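Contents: one structure, followed by commentary.
Protein chains: 2
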Amino acid sequence: MKYFTNACPARGAGLILPRVKKSGRIIIPRKTIYRLSIYLRCLARLKENGLDTVSSEALAKAAGVKPTQLRKDLACFGTFGTRGLGYDVTELSSRIADELGTSRLQPVILVGVGNLGLALLSYRGFEKEGFEIIAAFDANPRRPRNKQIAQPILGMDVMPKFIAEHGVKMAILSVPAPSAQEVANHLVDCGVAGILNFAPIVLTVPEDVMANNVNLAIELENLSYFIRD
Amino acid sequence: MKYFTNACPARGAGLILPRVKKSGRIIIPRKTIYRLSIYLRCLARLKENGLDTVSSEALAKAAGVKPTQLRKDLACFGTFGTRGLGYDVTELSSRIADELGTSRLQPVILVGVGNLGLALLSYRGFEKEGFEIIAAFDANPRRPRNKQIAQPILGMDVMPKFIAEHGVKMAILSVPAPSAQEVANHLVDCGVAGILNFAPIVLTVPEDVMANNVNLAIELENLSYFIRD
DNA sequence: AAGCGTTTGTGAAATATTTCACAATATTTC
DNA sequence: GAAATATTGTGAAATATTTCACAAACGCTT
Ligand SMILES: NC(=O)c1ccc[n+]([C@@H]2O[C@H](COP(=O)([O-])OP(=O)(O)OC[C@H]3O[C@@H](n4cnc5c(N)ncnc54)[C@H](O)[C@@H]3O)[C@@H](O)[C@H]2O)c1
Ligand SMILES: NC(=O)c1ccc[n+]([C@@H]2O[C@H](COP(=O)([O-])OP(=O)(O)OC[C@H]3O[C@@H](n4cnc5c(N)ncnc54)[C@H](O)[C@@H]3O)[C@@H](O)[C@H]2O)c1
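The listed protein sequences derive, respectively, from chains A and B. For the first sequence, counting from 1, position 31 maps to 31 in this note's numbering; every step adds exactly one. For the second sequence, counting from 1, position 175 maps to 1175 in this note's numbering; every step adds exactly one.
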């Protein structure tokens, strides 16, 4: 079992306790969660290739990390390996999936059916990964002629009802930047707790709501910085 | 001036030296670079709103970070503020842009003109941010009927020549996962040093090449983990 | 069933990043 | 122009994350 030093070791008694959430689960570092997602995908490929077991060294290499980091990451929520042999691919997959909570399919909605929104809607890759965009919303809902879209494209007026009825907790936001904050507020009011935002602005959301940004310009800027040496 | 403790403080003499790259520039932490990009965008909005100066508190709030973090980030490469007053918006913008190296426009190519690639190609937002997709390549180059695409869509055969002639250093990769590694290798052979990869696999690239991934399924998985409490 | 080679799990060390606390220095007010 | 007020810049402390180093545990061979 892994332990963290709790806050205030200087003034406090230096007690060592496992760091836990209100819910009782042990806190797993943000970065570790990202990597668990990566491990999960590497394991899926290994399984496709017919492998039954994998060592931390091999899996770490596939994931682009060091073996010790992989083992530390796994140590956050259990011990699954067999010393001298490695990990059972199927078992490790399902343990990580359990921990991430992606064992069941999550319903997601998309708001803003423009250029980008349409591309995301027509992408048939999310289902395999445990997510399903079940509906899209737009201020000006139009069904595109030349694309096969399985999901309904609805007006903003019916969104609150839809979210409540389907228990939607996550949304993809692909509206223009000037509307993004306003739409995000609306989503939060409707009960959405996680927003994946493509608009190039910083969203302000309540404490208990999480907004992750995908900002391609920043990704490019980042690349451009690190490649000049 | 900011200083870092160099490696090996336990065995070494505990010498304090500024950490620098081979090129002579001081190393700026990865995360700081990301945040600098965010600050830059917030400053642009402030300027649009007619503000001349801004305090670290106000800018930090706009960027979603703490004021001390903003100041520490800036301290990596200089001191620009006026105590008691704050920062000059225009000056700080150009200093950050200089540091990031985005003062000049970077040419970028895109490989894989499918659903996602087309959406990115037709996006008119990158120019404002200092990037320009100057051409696209596909194994099966077709010009879409119903979209206005300004850039040429070319076959893979002409890519090496194009990259060499235009001094292209960065590429956006939006081909299907099974082709991604192969195309990435090709790009690297042609001299591309930075790849923004949308395919859901971990790319293997040489040390001196940087591959950043945008994996939407992982972003969604991440959200879904942190919203259940 | 003992020995050997392998690989995990994990405390401790090293490194990295964030936050604190406050001196330094500017502006503003009276 | 002195005092009050505001805000930066930065060592040091706190916290977080990664890496090291190695004992413990397993499978396999003989
Ligand atoms: N297209 C890209 O490749 C790309 C790349 C990076 C970032 N982005 C960002 O993604 C977002 C979407 O980009 P896009 O190119 O698809 O834009 P777009 O203009 O093609 O589409 C925007 C859609 O949002 C809808 N919309 C506008 N206001 C709305 C509101 N208040 N409520 C509901 N729907 C509303 C519009 O009707 C339109 O269908 C933008 O913020 C853009 O900056 C796009
Ligand atoms: N569309 C999305 O919303 C979305 C979302 C997340 C991730 N992705 C990922 O982005 C990538 C592209 O997705 P898409 O939906 O645009 O796929 P797509 O099938 O619509 O387009 C892929 C394009 O790549 C071209 N291509 C295939 N092999 C090639 C090769 N060897 N060299 C050059 N070009 C080649 C094809 O001709 C096609 O035009 C995929 O890896 C996908 O998993 C897409």
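Glycine is no exception: its CB is placed at the ideal position from the N, C-alpha and C atoms. Just so we're clear, the structure is a prediction, and the values are computed from it rather than from any experiment.
State the DSSP-derived secondary structure class of residue 141 (chain A), mapped to helix, strand or coil.
coil
Can a CB atom of chain B be found closer than 8 Å to the CB of residue 37 (chain A)?
yes
Check whether the Cβ of residue 1203 (chain B) lies closer than 7 Å to any heavy atom of ligand 3, and answer yes or no.
Looking at this structure, you won't find ligand 3 anywhere; what it does contain is ligand 1 and ligand 2.
The beta strand (DSSP E) enclosing residue 173 (chain A), as first and last residue numbers:
170-173
Taking the CB atoms as reference points, tell me whether residue 174 (chain A) and residue 125 (chain A) lie closer together than 8 Å.
no
Residue 1200 (chain B): beta carbon under 7 Å from a heavy atom of ligand 2?
yes
Run the CB neighbour count on residue 1027 (chain B), radius 10 Å, all protein chains shown included, and call it buried at 16 or more, exposed below.
Around the C-beta of residue 1027 (chain B), fewer than 16 other C-beta atoms lie within 10 Å, and the residue is accordingly described as exposed.
Nearest chain A C-beta to residue 1231 (chain B) closer than 8 Å, yes or no?
Chain B is shown from 1001 up to 1229; residue 1231 (chain B) falls before or after that span and cannot be answered.
Starting from residue 1059 (chain B), trace the alpha helix (DSSP H) both ways and give me its first and last residue.
1056-1063
Buried or exposed (CB count within 10 angstroms, at least 16 for buried), residue 1106 (chain B)
For residue 1106 (chain B), the number of other beta carbons within 10 angstroms of its own is at least 16, and it is reported as buried.
Per-residue contacts from residue 101 (chain A) into chain B (C-beta, under 7 Å)
The answer, in chain order, is 1224, 1225, 1228.
With distances taken from CA atoms, which of A:72, A:83, A:94, A:221 is nearest residue 41 (chain A)?
For the options A:72, A:83, A:94, A:221, the alpha carbon positioned closest to that of residue 41 (chain A) is the one of A:94.
Can you list, in chain order, the residues of the region 169-184 of chain A whose Cβ is nearer than 7 Å to any Cβ on chain B?
169, 170
Tell me whether residue 177 (chain A) counts as near ligand 1, meaning its Cβ is closer than 7 Å to at least one heavy atom of that ligand.
If you check the C-beta of residue 177 (chain A) against ligand 1, you find a heavy atom less than 7 Å away.
Would you list, in sequence order, the uninterrupted alpha helix (DSSP H) runs of no fewer than 4 residues that lie entirely inside the region 1058-1115 of chain B?
Counting only runs of 4+ residues, the alpha helix (DSSP H) found wholly inside the region 1058-1115 of chain B occupies 1067-1075, 1089-1100, in chain order.
Residue closest to residue 92 (chain A), alpha-carbon to alpha-carbon, out of A:66, A:163, A:52:
A:52
Assuming residue 210 (chain A) contacts residue 1223 (chain B) under a Cβ cut-off of 8 Å, what Cβ separation, rounded to an integer in Å, is found between them?
6 Å
Please confirm if residue 1014 (chain B) has its CB atom under 8 Å from at least one CB of chain A.
Note that residue 1014 (chain B) scores a pLDDT of 35, beneath 50, so its modelled location is shaky; the value from the coordinates is reported in the next line. Chain A contact via Cβ: absent.
Going along chain B, which residues have a C-beta under 9 Å from residue 41 (chain A)?
1200, 1201, 1202, 1215, 1217, 1218
State the beta-bridge partners of residue 1053 (chain B) as determined by DSSP.
Per DSSP, the beta-bridge partners of residue 1053 (chain B) are B:1088.
Using the beta-carbon of each residue, which ones in chain B are nearer than 7 Å to residue 210 (chain A)?
1223, 1226, 1227
Tell me whether residue 990 (chain B) counts as near ligand 1, meaning its Cβ is closer than 7 Å to at least one heavy atom of that ligand.
Because chain B here runs from 1001 to 1229, residue 990 (chain B) falls outside it and cannot be looked at.
Beta-carbon neighbours of residue 1167 (chain B), restricted to chain A and to distances below 9 Å:
Those within 9 Å of residue 1167 (chain B) in chain A number zero; the least Cβ separation is about 13 Å.
Which one or two residues does DSSP pair with residue 211 (chain A) in a beta bridge?
A:195
Just mark residue 1215 (chain B) as buried or exposed, buried being the case when its beta carbon has 16 or more other beta carbons within 10 Å.
buried
Does any residue of chain A bring its CB to less than 8 Å from the CB of residue 1112 (chain B)?
Not one chain A Cβ lies under 8 Å of residue 1112 (chain B).
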